[in-house]
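Our numbering applies: residue 2 is where the sequence shown begins, and numbers increase by one. Ideal placement from N, C-alpha and C gives every residue a C-beta, glycine not left out.
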Amino acid sequence: MTFVIHLKDNRKVKNKKRWSQIMYMSYILDFLVKEDANVDDETAFILTTDADVKFTPDSVEALLDLMTRDTSVGAVCARTHPLGEGPLYWYQQFEYAIGHWFQKAAEHVLGSVLCAPGCFSVYRVRALRDIIPTYASNVEKGLEFLTKDMGEDRWLCTLMVQSGWRIDYCAASCNYTNCPTEFDEFYTQRRRWIGSTIANLYLLLKEAKIVRKLNQGISIWFLVYQAALLVSTVLGPSTVMLIISGGLAYAWGLEVITTVIIQFILIVLYGIICIKTSQKTQLLTAKILTFAYALVMMAVVVGTAEQIVENLANINNKAYQDGNDTINPTFSPDAISKDFPISITTVYFGCLVGLFLVTGICHLDEFTCLFQGIWFLLCLPSGYIMLIIYSVVNITDRSWGTREEKQENTMKKTSTWYEYIGAILRQIFFCCDKRHDQHDNKPPTSIETSDIPYVGRKRVSSEASDIEGSFTRSWQGRPTGTIYEHQESREDLLNQDDPYTYGDEDEIIKVDDWFQQIDPGLKTEYVALFKKHGYDDTSFIASMTETDLKRIGIKKKTQRTMLENRIKDLPDFLIEAAVPDNVDTWLKDIGLHQYKSAFTKCHIKKTKDLEQLKTFEKKDIENELGITKAAHVRRLQEAIKYLRTPTKEELLHAEIKQRLDNAIKHDIQKINSTEYEFWKLLTETHLKPTSEAFSLLGQLKIKLEELRNTWLMILLAVNSLWLVLISTLASKINLLVLGSNPVGLVFLLIFGVLLLVQFFCMLFHRLSTLAHFLARAPYRFGHAYRSSWSYKNDEDIAAVAAAKRAEKECRQRERNRVRNRQKGTRLPEDERSPLIKIDTV
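Next comes the structure, spelled out in structure tokens:
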């Protein structure tokens, strides 16, 4: 297969993951398909996958089986298994399992799956062509931001369903992806998912009449089912609070009304914390509440078990009473009746356990996922109360949140004793700290680092810090995603929008020449300042922030803004994690060779001597080595961090980077004028980035805040009314129906019906999956799966057949050789060669 790698430069094309998808979809729809006469929209499909997803060709074949079987299917998704370790991984094992077993299967059977995740799904080119113009529209409203940019794959599928296409779920296809294993990353991921899910469901139900007319697979019952799920999501916090209060009443004998009020006040306080404080404080509070609620849930489990045991004892008492009329035992007031002395809760719990056991038996290879249900149960309040509130409050956050570079601990950034003490006090009394709110979106005051074995990473703004981000490279300014027709076109594009010419790859420019390029008028004014603090060339300047510019004495805001924009265009200075061969080479590599004599005076001459640098602090660098310039001290501190043996992952990262650099150097002059013109036209018409200053970001932020306030008021009002209604009715014994209040009973019946619908849909889907497996099963054991199509063309198939024949002949020759040796017969001349293993293509 031919792999085309595009390195996206966010200064040349629009940021955000959705625009990258539009790039690739347009590339396939409007270039590759049109260029290849043998491919049309009906026979062309797009497989989307993430870099960390593991899958096999058989999984892809299983997806394509469903696409070729029904031409009305626009996309097919697979069964995704999480990878990782720790409690959060165990929690997601159960969550992913029930999500696919029940939710995906029910959507597949009842109408259409509403989300084919971009991590591993197949899309039909013809279906994408119908919706790509709408998918490429800009965000102008708050709700559009949630649908278009926070859950782009879900919105893509919503557009497909609205256009009449069906989306299927194929359980015969499996893939494995890394899931968040840290609390903060998990919450930020679900922040996007929950907001996007609610917004897309609302959009689907809002246009229900149009969707039903355009899509024959969408029935009124499917829409009712989705509406019930949306209502259950909104009522999730109050429902879980009532479950906890009921369990505590049995476990600790606490009054239900009292525990409901305490929980309500606690949750309202958490909502206020989410509104008024930074995300760091919000997540810290969520961690504390998650742990506290997990302890409470243990008591709830014990209380529920006690209630079940009591109900079972009531059954025995009833049986004993039937045989002895003189005994009149007392029964619990929540029992259904005297003839059936079991509570609705016990019946519901028993049915729930039975359904899950049957479902696990239907998925024997995944049965162990049920054992992780205990983690899901303990974290139920966190997932259905705190996470919902956190997600709604932070819909104004436009960052992606996951797989981003981690900032250094603020404790390590301090340089004086009072800053150190202040950092400690701010972490203890975080509720009183106003600095988080004021400075959350400001650039950090020191270089950000990540687990990638390089230093000097670019600072990424909250708007640009998506999972897409910018593929950080050792050079900037070179247009990416294009194949240049000739050198003149390349130069024209390089200088098209830039105020000055960028340097070549890895080129380091002296500070004098840099100012000469950007503004000669500032050269005499600021070059001396830059040199005084150690910013001698662009390798040091590239790490500067606005705070650094202030610190060295640049007072005018317009000049700082201009310089900061130019700094963003500079190449990052990269240092590989390694143990150098000698001190001299190491100092040259990190750009501090002028301090060689200082190192020699301190008896740091050999590689072994560099060990003592690991214990050096800032004051040691200044006092012992005499290095006082801020930029040089920072560079040495960062370089010392990577004085170590690189890991396998780091070596692989460095190797891949080198191969990419070499490939770009060798292929940059390849001529493909048609493709070059395609990318140029696409960029100009759809992908050209706009300045944030002239964009709708300011208005969008206000609209998102209004939307957040509206959602919070709805969430608060609906859950408050539900809590008051259920709690009040529960206290009125004369209003009990079957041992429960009528509203709560209706709610349980609705939940039970939804669960039964999902259960029967799961059974039906398992039968269809079994039929799919049988259809793909080989005629003989050990042979490859059967498929209605093939990756390979006729030449590949012929080559495979020839290779198999040759391998069969070799094996037969080996058997003859062994047989003749046993008989003592001399082998023929042509059979004396050793067995040659021929690998199949």
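Between V301 and L249, the C-beta gap is smaller than 8 Å, which places the two residues in contact. If you keep only unbroken beta strand (DSSP E) runs of at least 3 residues inside the region 139 to 203, you get 167 to 179. From the listed residues F32, W20, Q94, the smallest Cα separation to E678 is found for F32. Pairwise C-beta distances place the region 69 to 79 out of contact with the region 721 to 731, as fewer than three of them are shorter than 8 Å.
DSSP, read as helix, strand or coil, puts P83 in strand.
Around D59, the same chain offers Y786 as residues with beta carbons nearer than 7 Å, after the five sequence neighbours per side are excluded. G374 counts as buried, since no fewer than 16 other beta carbons sit within 10 angstroms of its beta carbon.
In the displayed model, K689 falls within coil according to three-state DSSP, outside both helix and strand. Counting every other CB atom within 10 Å of its CB across the protein chains shown gives V123 a total of 16 or more, marking it as buried. Two segments are said to touch when three or more pairs of C-beta atoms, one from each, lie closer than 8 Å; by this definition the region 47 to 58 touches the region 163 to 182. E618 and I576 have their C-alpha atoms roughly 20 Å apart. DSSP places D538 within a strand segment (E or B) once states are collapsed to three. S122: member of the beta strand (DSSP E) spanning 121 to 125, first to last residue.
The DSSP-derived three-state label of A655 is helix.
V584 is positioned such that its CB atom lies closer than 8 Å to that of F600. Shown here for V61: same chain residues with a beta carbon closer than 8 Å to its own, the five before and five after excluded, namely L48, V123, S174 in chain order. For F368, there is no enclosing alpha helix (DSSP H), as DSSP gives it neither H nor E. Partner residues in the beta bridge of A76, as assigned by DSSP, are Y124, I168. Just so you know, the alpha carbons of Q613 and K689 end up roughly 51 Å apart.
A check of alpha carbon separations from R561 across R19, D51, K589, F531 identifies F531 as the nearest. Under the three-state reduction of DSSP, T346 is assigned to helix. Going by DSSP, T559 is part of the alpha helix (DSSP H) stretching over 558 to 569. By the Cβ rule, the region 104 to 117 does not count as touching the region 127 to 147, because fewer than three pairs are nearer than 8 Å. Counting C-beta pairs with one atom in each stretch, the region 253 to 266 and the region 358 to 367 have fewer than three that are closer than 8 Å, which means they do not touch. Runs of the alpha helix (DSSP H) lying entirely within the region 595 to 646, each at least 4 residues long, are 597 to 602, 619 to 625, 631 to 642 in chain order. As the crow flies, the alpha-carbon of H766 is around 8 Å from that of H109. Judged by DSSP in its simplified three-state form, A52 adopts coil rather than helix or strand. Distance from the Cα of Q280 is smallest, within the candidate group E676, T189, C78, for T189. L231 is positioned such that its CB atom lies closer than 8 Å to that of L202. A residue is called buried once 16 or more other Cβ atoms fall within 10 Å of its Cβ, and G351, having fewer, is exposed. A direct Cα-to-Cα measurement between R709 and Q22 gives close to 28 Å.
With respect to R80, A228 sits apart: the two C-beta atoms are not nearer than 8 Å. The beta carbon of K615 sits closer than 8 Å to the beta carbons of I641, L644 from its chain, once the five residues preceding and following it are set aside; these are given in chain order. For the 8 Å CB-CB criterion, V212 and Q283 do not form a contact. Per DSSP, the continuous alpha helix (DSSP H) segment holding Q517 begins and ends at 512 to 519. Burial check for E707: the Cβ neighbour count within 10 Å stays below 16, so the residue is exposed.
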